[in-house]
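Numbering of the sequence shown is given in this note's numbering, commencing with residue 607 and proceeding in unit increments.
The beta carbon of each residue, even a glycine, is placed where N, CA and C say it ideally should be.
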Amino acid sequence: MWIASSAMGLQYAVFFACVVASMVWPTTERWAPSFHWTRNMTIKNPENRPPFNYADLGPLQDAWQVLEETSINTYFLMFRSHVSVYETCVYATANIADETKKTANYTVTFYYPLTETYENTTVQVKALSQTDYPLENVIRANLKGTLPSSTPVPPGSYTYAEYDNSTGYSRSVPFPDRGVAANLQPSTPDSNDLTKGVLDRLFRDPENPQYMDMYVVYNEPQCYIIRSPAAWGGCDMWLRKTELKSIVENLKDEILKKEKELTEKYKKK
607 MWIASSAMGL QYAVFFACVV ASMVWPTTER WAPSFHWTRN MTIKNPENRP
657 PFNYADLGPL QDAWQVLEET SINTYFLMFR SHVSVYETCV YATANIADET
707 KKTANYTVTF YYPLTETYEN TTVQVKALSQ TDYPLENVIR ANLKGTLPSS
757 TPVPPGSYTY AEYDNSTGYS RSVPFPDRGV AANLQPSTPD SNDLTKGVLD
807 RLFRDPENPQ YMDMYVVYNE PQCYIIRSPA AWGGCDMWLR KTELKSIVEN
857 LKDEILKKEK ELTEKYKKK
């Protein structure tokens, strides 16, 4: 209805696969044993892999394209599988800073309907490619107000899974052995100095106090899906304003009808 694209079927397949995958692993480590998992670890990369960028369809995991499209259009957060944001409208815009270095200023805005107020945060981001990847598929955001560094190189899809005789679970840990990049460096400010507000609500656990990575699982001009270790490995689906407006217009009568029903329902309570 709202996406006229030859890749529409593929988009839905990827989207639901991503959602299902993100729901099967624990979002905390309270019950997940950690004493020997690295020794038996099998690394699986179901989302971010070069063959997914089909030549006839064009790149489908292109971080720079996401930033370019977001600099032209506003994108609204329609769904996220982890770290829910309640009673809030979330949208993103971007301004390209340097096409050669593939950097941009990325702004996330919260609108609170109940109080009719806005809150926003702007961070500097850079499109990077994960290890051995043919194009940029990662958006790295600096949390300290400076340009993101290209190092360490994004390690890739963070579905690190262990299967032994007693467990069969997945780890949403982006670095083997919770590696160097995940640890505080001597020159790194304390983790309490993390950017607060908007980003703190969306991305609660950055892999490093200085930056966070967002992996592009799927993108086309109408929408894109990203996953981030900082959001507990969950999926975020962002929809272009044009398509959102079209959906609202097409369903306007139904929306108003439902709103009236809910209003009457709560009046009776």
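Check whether the segment 855 to 862 touches the segment 699 to 716, counting contact only when three or more Cβ pairs, one atom from each stretch, lie closer than 8 Å. no
The beta strand (DSSP E) that contains E826, what's its start and end? 817 to 826
Per DSSP, R833 is paired with what? Y821, C841
Can you give me the C-alpha to C-alpha distance between A747 and N856, rounded to a whole angstrom? 36 Å
When R686, W670, I678 are compared against W838, the one with the closest alpha-carbon: R686
Rank Q730, L734, L741 by C-alpha distance to the C-alpha of L753 and give the top, closest one. Q730
With respect to the alpha helix (DSSP H) encompassing E705, which residues constitute its N-terminal and C-terminal limits? Where E705 is concerned, there is no enclosing alpha helix (DSSP H), given that its DSSP letter is neither H nor E.
With distance defined between alpha-carbon atoms, name the residue in S690, Q667, Q671, A669 nearest to G840. S690
Cα separation between L850 and N814? 34 Å
So T680 packs on T699, CB below 8 Å; how close in whole Å? 5 Å
What does the alpha-carbon distance come out to for the pair I702 and I678? 10 Å
Mind checking who E725 pairs with in its DSSP beta bridge? F716
With distances taken Cα to Cα, identify the nearest neighbour of M820 among S735, N726, E826, K866. S735
Could you check which residue in K847, T676, T737, A836 has the C-alpha nearest to that of D811? A836
For T728 and S756, I'd like the C-alpha separation in whole angstroms. 19 Å
For V731, which residues does DSSP report across the bridge? A710, A747
Would R833 be called buried (16 or more neighbouring beta carbons within 10 Å of its own) or exposed? buried
With DSSP run on the structure shown, which of helix, strand or coil describes L753? coil
Answer with buried or exposed for Y724, where buried requires no fewer than 16 other C-beta atoms within 10 angstroms of its C-beta. exposed
Own chain residues within Cβ distance below 8 Å of L749, not counting five before or after: V729, L800, T801, L805, P812, P815, Q816, Y817, M818
Residue from D738, K707, N743, T721 whose Cα sits closest to the Cα of Q667: N743
Less than 8 Å between the CB atoms is what I'm expecting for W844 and Y830, so what's the real figure, rounded? 5 Å
Taking Y739 as the reference, give the member of T715, P760, G751 with the closest Cα. P760
Let me confirm a value: E867 is counted as buried when at least 16 other C-beta atoms fall within 10 Å, else exposed. Which label applies? exposed
Any beta strand (DSSP E) of 3 or more consecutive residues that is wholly inside the segment 656 to 690: 681 to 686
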